[in-house]
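K.L.:
Right, I'll just put the structure down here and ask away after.
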Amino acid sequence: MSFELLSEDVVPEHARDVKRDAREFAAEHVAPNAEEYYRTGEYPWEILEAGMDAGLVAQDISEEYGGRGLDLTQVLAIAEEFFRADAGIALTLQLASFGAELMQEYGSEEQKERFLRPVAENEQLTGLAVSEPEVGSDLAGMQTTAERVERPGGDAGDEYVLNGEKYWIGNGVEADWVTVYAKTADTDDRYMNYSLFAVPTDTDGYEAEHIPEKMGMRASKQAHIVFDDCRIPEANLIGSEGAGFMMLADFFNHGRVVVSGHGLGLAAAAFEEAWEFTHGREEFGRNISDFQAVQHGLADMRIEFESARALAYRAAEKVEAYENPGLWAAMAKTKATEVATANAEQGMQFHGGRSNLTDRRIARVYRDVRIPVIYEGANEIQRNLVYRQSGEE
Ligand SMILES: Cc1cc2nc3c(=O)[nH]c(=O)nc-3n(C[C@H](O)[C@H](O)[C@H](O)COP(=O)(O)OP(=O)(O)OC[C@H]3O[C@@H](n4cnc5c(N)ncnc54)[C@H](O)[C@@H]3O)c2cc1C
């Protein structure tokens, strides 16, 4: 193969070093272990620790609190390299600090020292708990409640009591604390009813178990969490009460650009596999890549991939500059994740019967691409945002 899909030309200069580090790490630690972790479905602790040692985990947290302060473009560059090597392990590497940006942006100094620093210094893991068993896409419809009550026995300040359930929560079992999105009011303005809390996972009333085995990204773990009168001090409220929805909306603009990197990595993997297979497989006395129909299929995969990648890096700049961030993040996420599904589908077709062998990289990619079109907001929700925010430009 003479092409270089994840080339540096589209990557701003300041993100190239970390991208090279991520590529080297992925080649040494992620790609060679992908198949085994898919099969066992185990949490890749050793690879996570190696990623921490390499300075590639949770390093978007600022230097002030112990991280490297990697910006969005740098995290995008890491994402595409990691996800090209394997999406399941990559998700675990990137979820170690999922949601921590919210505390970085809105948390108090005391919270940042207590919660954020250990994550940046790779001593703790965190996660973000938004989705629920009965509600996923409707962020203003979540049912978990956080009721403010007086702490028994006096003047130590109030508490919040959490009740409800969360589902699909990355690291819900493994994390030391999670950022929980819960309902603190029931006013007519449904966008002002939610707040965010830092909840240590050893708090009484916090119970988490792994959700059943998944089809894709099996080296990442998600949890079903139940809050049963889970009491936390008011000091754990992140930002102001009622501002949870707005904080989350802003946070997802960053997250969705990173998820576009998930799509790019997967789309690149599908193209590489399709190219290699079609140039090695003979039928009718020639390589199947000699058929024009196959060549056009590969050409379309490449065209779509390059379009998605240009859009993703453009969106990263737009979000960083706060220029219509919601619009650009939604467009980039939708495009890249759907190019990944299309490329995986075409790659499978070009593999013929061998596409059906579960241990093939193309089959793993095919299973994994079904996930980024859903998480951080199903693509229908992204299209709603693109339509609405195009009208607001
Ligand atoms: C592997 C994995 C990891 C995840 N990690 C996390 C995590 O760490 N933290 C977390 O909080 N959540 C996480 N999620 C949950 C994820 O964010 C939700 O699955 C997602 O938001 C969709 O919610 P839902 O599954 O409840 O689908 P639903 O909201 O029930 O939607 C089902 C389908 O209905 C359609 N639909 C819904 N609403 C609309 C609409 N307005 N217009 C048009 N069509 C619509 C779409 O086709 C959608 O896919 C994860 C999910 C997966 C699969």
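For the sequence shown, position 80 (counting from the first letter as 1) is numbered 148 according to our numbering, and the numbering increases by one without interruption.
Note that beta-carbon positions come from the ideal geometry of N, C-alpha and C, so glycine has one too.
This one's a predicted model, so the numbers in the text were calculated from it and none came from an experiment.
Please determine whether the Cβ atom of residue 285 lies at a distance below 7 Å from any heavy atom of ligand 1.
P.N.:
Yes, ligand 1 has a heavy atom inside 7 Å of this Cβ.
K.L.:
Candidates 273, 161, 434: which alpha carbon is nearest residue 338's?
P.N.:
Residue 338 has its Cα closest to that of 434, out of 273, 161, 434.
K.L.:
What's the gap between the Cα of residue 311 and the Cα of residue 327?
P.N.:
Taking the straight line from one Cα to the other gives about 24 Å.
K.L.:
How far does the alpha helix (DSSP H) with residue 421 in it extend, from its first residue to its last?
P.N.:
Premise fails: residue 421 is in no alpha helix (DSSP H) and is neither H nor E.
K.L.:
Please name the residue in 190, 131, 266, 162 whose C-alpha comes closest to that of residue 148.
P.N.:
Closest by alpha carbon: 162.
K.L.:
Helix, strand or coil for residue 251, going by three-state DSSP, please let me know.
P.N.:
Reduced to three states, the DSSP call for residue 251 is strand.
K.L.:
In its own chain, which residues sit with a C-beta less than 7 Å from the C-beta of residue 255, not counting the 5 before and 5 after it?
P.N.:
The residues are 261.
K.L.:
Sort 193, 95, 189 by Cα distance to residue 152 and report the nearest one.
P.N.:
Nearest C-alpha to residue 152: 95.
K.L.:
Could you tell me the alpha carbon to alpha carbon distance between residue 437 and residue 325, rounded to whole angstroms?
P.N.:
Taking the straight line from one Cα to the other gives about 16 Å.
K.L.:
Based on DSSP bridge pairs, tell me the residues matched to residue 234.
P.N.:
Partner(s): 293.
K.L.:
Taking the straight line between their C-alpha atoms, what separation do you get for residue 225 and residue 307?
P.N.:
If you take the alpha carbons of residue 225 and residue 307, they lie about 17 Å apart.
K.L.:
By the three-class DSSP mapping on this structure, what secondary structure does residue 439 have?
P.N.:
Residue 439: coil per DSSP, three-state reduction.
K.L.:
Does ligand 1 have a heavy atom nearer than 7 Å to the CB of residue 348?
P.N.:
Outside the cutoff, so no.
K.L.:
Measuring alpha carbon to alpha carbon, tell me which of 227, 158, 353 ends up nearest residue 101.
P.N.:
Measuring from the Cα of residue 101, the nearest candidate turns out to be 158.
K.L.:
Could you tell me whether the segment 409 to 428 touches the segment 201 to 208, where touching means 3 or more Cβ pairs closer than 8 Å?
P.N.:
Touching, no, given that fewer than three Cβ pairs across the two stretches are closer than 8 Å.
K.L.:
Going by DSSP in three states, residue 157 sits in which element: helix, strand or coil?
P.N.:
Note: residue 157 maps to helix in three-state DSSP.
K.L.:
Which of helix, strand or coil does DSSP assign to residue 186?
P.N.:
Three-state result, residue 186: helix.
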